[in-house]
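Undergrad: In UniProt numbering, the protein residues as written are 1 to 148.
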């Protein structure tokens, strides 16, 4: 795993505060399990109300949480004045999302001043179920991006 240097000395608290403001993660029951510079691990339990017709965790839920894991991995390395937005992502589903506990790992592969390339991996009970490639944008000086 590459070593990254955060540009904001208060990066961990800022990331947790931002994550706590995401209604969708709270709705899904997702929590921050690990928070490192350039790497974030999110976890959630299986829930029947988040499944598709075959009883597996829905692919939309998997991609939503992986997107957040990658976004927050990038956010850990951004300056205090920046926000993060997703530019694009691609997911490959490797097996059905069947398990009791789900873990979503986002890592920055290449930090940049404007764009950050990330990878995400989703696990169900320690079996990889999905891999994501994502590009995150470093947003500075844009009105309306930060709600506060």
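Backbone N, C-alpha and C define an ideal beta-carbon position, used for all residues, glycine too. Just so you know, these numbers come straight off a predicted model, no measurement behind them.
To the nearest angstrom, report how far apart residue 38 and residue 7 are at their CA atoms.
TA: 11 Å
Undergrad: When the Cβ atoms of the segment 86-98 are set against those of the segment 28-44, are three or more pairs found closer than 8 Å?
TA: no
Undergrad: What does the Cβ neighbour count give for residue 100, buried or exposed, with the cut at 16 atoms within 10 Å?
TA: exposed
Undergrad: According to DSSP, which residues form a beta bridge with residue 42?
TA: For residue 42, which the question treats as bridged, DSSP gives the partners 32 and 104.
Undergrad: Classify residue 89 as helix, strand or coil using the three-state DSSP reduction.
TA: strand
Undergrad: For my contact list, residue 84 and residue 75 are in at a C-beta cut-off of 8 Å; report their separation, rounded to the angstrom.
TA: 4 Å
Undergrad: In or out: residue 125 buried (at least 16 other Cβ within 10 Å) or exposed?
TA: exposed
Undergrad: So what does DSSP say about residue 145, is it helix, strand or coil?
TA: coil
Undergrad: Would residue 56 and residue 12 qualify as a contact pair, given that the criterion is a beta-carbon distance under 8 Å?
TA: no
Undergrad: Between which two residues does the alpha helix (DSSP H) containing residue 60 stretch?
TA: 59-75
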